[in-house]
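Q: Take this structure, written in structure tokens, and hold onto it; I'll ask about it next.
Protein chains in written order, with this note's numbering: chain A, 14 to 112; chain B, 87 to 425.
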């Protein structure tokens, strides 16, 4: 099955306590699909179905009038469209995983 | 990417704890999180030695059909997670019936051995091409030709095993000539326990490959314990060992040879245990696993389908062909023969 590299970024309004809770829930969903590369930025390698699933889960959490969610698909994969500088926390899960 | 090729997570750090957090696998070592891996990236877990799994993670693996296999720290297979019985009961019945049919048993045993011999011959021929003839190589090639000629006339599985054994002993008599590095020697095959680094290496790679074959057979719903060339024995995955024969020389032995000849391994990667057993140490196992996984991702032009296929999928393709033969959808079972 074809898989996409996607970039998920969000701003969640945390002035209220509910905001804090939403932020945590958004991060949790993102973690289940990919990995955190910056504070509010996740990279995920997912199938189309997983992408739909993830998006639906996130839309259930965020408040459209307070928060912002952006999902970019990287055409041709991250290797083609990404230049990384400085700290890089990304692991390629398709590489041999030996712990 | 197909599910069969999803990555296997190899855990060999002692004392690691794996648990589930949402849909993410968390790898912890003494309160420190080593890594988080979303479950959908994984096809299986291979655990070496003292590695703990939370019950919920185990349940989830069983539910989603993630292959979990346990090995000793030194790489000997210990056990495997079995989820609910799945697959096609009609296929399994066909498999058991084939076992009770001497001519089908003989046919399949001969095909597995044919695959083994032809692939071993390729390894030997390549060695002759690259660095010239030696007496042992010539002898081994001669034995393989002879066995391949006699194979179609074999009248019992025992005869097939005899031909295989003869060729195999000539093969291993020549195997030392394939090593270019002066750091390693090979004076014949030994196991349980291996007594030198090369044998330790062969045993370890065969074990990794057996897991792949078992998983492939389970994947199509065949019973990996019911084999045709290998005798049935409680706890032994006879059919996985049958399938392994096709891949031993072409995949496992060549990997071992290239790692030694490219000096990716040195004597420091091994340790001797009291009693003379020689085993890979942690660094050595890691290097082998990385090379093994890398090989799985490489593609080759499939000799039968004329399409590029990742090497990691080959056992799955053979398992599927075998299932189709047993069900009667294919008149012949074609063993895998590389190039």
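We put the CB at the ideal spot given by N, CA and C, even for glycine. Nothing here was measured: the structure is a model prediction, and the numbers come from that model.
Give a yes or no on whether the minimum CB-CB distance between residue 87 of chain B and chain A is below 7 Å.
A: Note on residue 87 of chain B: pLDDT 44, under 50, position unreliable in the model; no value is reported.
Q: Per the contact definition of three or more C-beta pairs closer than 8 Å, is the stretch 289 to 309 of chain B in contact with the stretch 384 to 395 of chain B?
A: Output reads no: the stretch 289 to 309 of chain B does not touch the stretch 384 to 395 of chain B.
Q: Classify residue 259 of chain B: buried if its beta carbon has 16 or more other beta carbons within 10 angstroms, exposed otherwise.
A: With 16 or more Cβ atoms within 10 Å of its Cβ, residue 259 of chain B is classed as buried.
Q: Can you give the beta carbon distance from residue 275 of chain B to residue 285 of chain B, rounded, assuming they're within the 8 Å contact cut?
A: Between residue 285 of chain B and residue 275 of chain B the Cβ distance is about 6 Å, and since that is below 8 Å, they are a contact.
Q: Just checking: is the beta-carbon of residue 101 of chain B within a distance shorter than 7 Å of some beta-carbon in chain A?
A: So, not an interface residue.
Q: Going by beta carbon distance, what residues of the same chain come within less than 8 Å of residue 79 of chain A, once the five residues before and after it are set aside?
A: Counting only Cβ-Cβ distances below 8 Å, and skipping sequence neighbours, we find 25, 26, 32.
Q: Going by the beta-carbon positions, is the gap between residue 318 of chain B and residue 324 of chain B smaller than 7 Å?
A: Yes; because the gap between Cβ atoms is below 7 Å, this pair is in contact.
Q: Please identify, using Cβ separations under 7 Å, the residues of the stretch 366 to 381 of chain B that lie next to chain A, in order along the chain.
A: Within the stretch 366 to 381 of chain B, the qualifying residues are 372, 375, 376, 379, 380.
Q: Nearest CA to the CA of residue 350 of chain B: which residue from B:362, B:332, B:334, B:372?
A: Of the candidates B:362, B:332, B:334, B:372, the one whose C-alpha sits nearest the C-alpha of residue 350 of chain B is B:372.
Q: Just the C-alpha distance for residue 69 of chain A and residue 270 of chain B, rounded to the nearest angstrom, thanks.
A: Their backbone Cα atoms lie some 57 Å apart in a straight line.
Q: Cutting at 7 Å between CB atoms, please list the residues of its own chain near residue 87 of chain B, excluding the five before and the five after it.
A: For residue 87 of chain B, the predicted model reports a pLDDT of 44, less than 50, meaning its position is unreliable; a value from the coordinates is still stated below. Excluding sequence neighbours, residue 87 of chain B sits near nothing in its chain.
Q: Please report the straight-line C-alpha distance between residue 92 of chain B and residue 92 of chain A, rounded to a whole angstrom.
A: Going from the Cα of residue 92 of chain B to the Cα of residue 92 of chain A covers about 19 Å.
Q: Am I right that residue 315 of chain B and residue 195 of chain B are in contact with their C-beta atoms under 8 Å? What's the rounded C-beta distance?
A: Correct: roughly 4 Å between the Cβ atoms.
Q: Indicate whether at least one CB of chain A lies closer than 7 Å to the CB of residue 108 of chain B.
A: Taking Cβ atoms only, chain A reaches closer than 7 Å to residue 108 of chain B, which makes this a yes.
Q: So, is residue 239 of chain B buried or exposed, given that buried needs 16 or more other C-beta atoms within 10 angstroms?
A: By the neighbour-count rule (16 or more Cβ atoms within 10 Å), residue 239 of chain B is not buried but exposed.
Q: Can you tell me which residues form a DSSP beta bridge with residue 156 of chain B?
A: Paired residues: B:133, B:165.
Q: On the DSSP bridge assignment, give the partners of residue 385 of chain B in chain order.
A: In the DSSP output, where bridge partners are listed per residue, residue 385 of chain B has B:396.
Q: Please classify residue 402 of chain B: is it buried, with 16 or more other beta-carbons within 10 angstroms of its beta-carbon, or exposed?
A: With 16 or more other Cβ atoms within 10 Å, it is buried.
Q: For residue 362 of chain B, which of B:296, B:289, B:283, B:408 has the nearest alpha-carbon?
A: Selected option, being the one with the closest Cα: B:283.
Q: Which residue's Cα is closest to the Cα of residue 425 of chain B: B:337, B:368, B:358, B:377?
A: The option with the nearest alpha carbon to residue 425 of chain B is B:337.
Q: With residue 167 of chain B and residue 144 of chain B assumed to form a contact (beta carbons below 8 Å), what rounded beta-carbon distance in angstroms separates them?
A: Residue 167 of chain B to residue 144 of chain B, Cβ: 7 Å. Contact.
Q: Check whether the stretch 215 to 234 of chain B and the stretch 340 to 348 of chain B are in contact - that is, three or more C-beta pairs closer than 8 Å.
A: Not touching, per the Cβ criterion.
Q: Could you name the residues of the stretch 95 to 112 of chain A whose beta carbon sits closer than 9 Å to any beta carbon of chain B, in the order they occur along the chain?
A: Under the 9 Å Cβ criterion, the stretch 95 to 112 of chain A contributes 104, 106, 107, 108, 109, 110, 111, 112.
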